[in-house]
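Engineer: Shown below is the structure under consideration.
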Amino acid sequence: MKYPEIAAFAKFMRQKMLDISYQSGTSTHLGGALSMAEVMATLYGKVLRFDKNNPRWEDRDRFILSKGHGVLGFYPALLAAGIISEEKFATFQTNGSDLIAHPVMNLDLGIESSNGSLGHGISMAVGIATAAKRKNVAFKTYTLVGDGETNEGSVWEAAMLAAHLQLDNLTVIVDYNRHQNDGAGKDILLIDNMAERFSAFGWHAIEVDGHNIEEIVVAFEETVFNRPKVIVAHTTKGKGVSFMENDNSWHHNRLTKNNYELAIGELNVE
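So the sequence shown is numbered by full-length UniProt numbering: it starts at 1 and just counts up by one.
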């Protein structure tokens, strides 16, 4: 296997997603978090430049989770990268915690933005990438959006501006699991041909299997000049747990003791 360390990173993330989701006893948007694991493991395990001991390092790359409800696929990446501690991670969704159901900007914890309402993160990422260009600094900006999130008009306003400004320091990743809060994307608002849509807006678009780490790495490493890049990651909602995969009820479902044990058992089968 190529990149076994990233595969191990993703497995660790899934373990932590299940553990903390069960421990919290609340709805944690688990299905949409599981679909993000390989992309987030690649970002935090290989792609992003950061200093875990100095999260405010000025030259760090910026990551914005535009898909704010997918935060359970974000905090375990920060944990695995050594940016937050086990003790901090364990406070998820407890009273007074910094780690709640959507990200709240906290640079000391590696959280660059507050996101809940969809469509906002990509706009913020465009602003950050524009600032980097104008200041002539080398950091790059990355943002992950949900495919259902692209129903928001603000996503395409930001996409138009990014292409107009030739933001080749900006990469958007679309978690293309074809499900959203209310059901299958095809039943709500057609979301086929995602890569073609971004291409039509002037982006360099790459399609990958969002669970194939080698494909994801190649996509991130591809150099693009004078236009932004989008990686359309074809993923499976609930990936890694058979009874959750492509079952949209796991957008909100809570883990019981029984299904937690079943899920962990599946995850630990080599």
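The beta-carbon is built from N, C-alpha and C at its ideal position, and this holds for glycine as well.
Keep in mind that this is a model prediction, so the values were computed, not measured.
1. For F243, which option in N258, I231 and V230 has the closest C-alpha, if you only look at C-alpha atoms?
2. Return the residue from the list E266, P103, N268 and G238 that minimises the CA-CA distance to R254.
3. Can you tell me the Cβ-Cβ gap for A205 and A219, rounded? I've got them flagged as a contact below 8 Å.
4. For N95, count neighbouring C-beta atoms within 10 Å of its own C-beta (all shown protein chains included) and say buried if the count is 16 or more, exposed if not.
5. Between I128 and L262, what straight-line distance do the alpha-carbon atoms span, to the nearest angstrom?
6. Look up residue 273 in the DSSP assignment and say whether it is helix, strand or coil.
7. Going by C-alpha to C-alpha distance, which of I100, P55, S35 and K2 sits closest to I20?
8. Hey, how far is the Cα of A80 from the Cα of A159?
9. Buried or exposed, going by whether 16 or more other CB atoms sit within 10 Å of the CB of T28?
10. Would you list the residues sitting across from F63 in a DSSP beta bridge?
11. Between which two residues does the beta strand (DSSP E) containing T171 stretch?
Structural biologist: Taking the coordinates as given:
1. As a position in the sequence shown, residue 243 is number 243, starting the count at 1. A check of alpha carbon separations from F243 across N258, I231 and V230 identifies N258 as the nearest.
2. Here residue 254 corresponds to residue number 254 of the sequence shown, with the count starting at 1. Here the closest residue by C-alpha is G238.
3. Taking the first residue of the sequence shown as 1, we reach residue 205 at position 205. Taking the first residue of the sequence shown as 1, we reach residue 219 at position 219. Contact between A205 and A219 fails: their C-beta atoms lie close to 10 Å from each other, not under 8 Å.
4. Locating residue 95 in the sequence shown gives position 95, counting from the first residue. By the Cβ neighbour-count rule, N95 is exposed, with fewer than 16 other Cβ atoms within 10 Å of its own.
5. Walking along the sequence shown from the start, residue 128 turns up at place 128. Walking along the sequence shown from the start, residue 262 turns up at place 262. One C-alpha to the other measures close to 42 Å.
6. The question about residue 273 has no answer here: the residues shown for the chain are numbered 1 through 270.
7. Here the question's residue 20 lines up with position 20 in the sequence shown. Each of I100, P55, S35 and K2 was checked against the Cα of I20, and the nearest Cα belongs to I100.
8. Numbered from 1 along the sequence shown, position 80 holds the residue referred to as residue 80. Numbered from 1 along the sequence shown, position 159 holds the residue referred to as residue 159. Distance between the alpha carbons of A80 and A159: 31 Å.
9. Within the sequence shown, residue 28 is the residue found at index 28, counting from 1. Answer is buried; the Cβ neighbour count reaches 16.
10. Here residue 63 refers to the residue found at position 63 of the sequence shown. DSSP output for F63 lists Y142 as bridge partner(s).
11. Reading the sequence shown from its first residue, position 171 is the one you call residue 171. Taken as a continuous stretch (DSSP letters only), the beta strand (DSSP E) holding T171 covers L170 to Y176.
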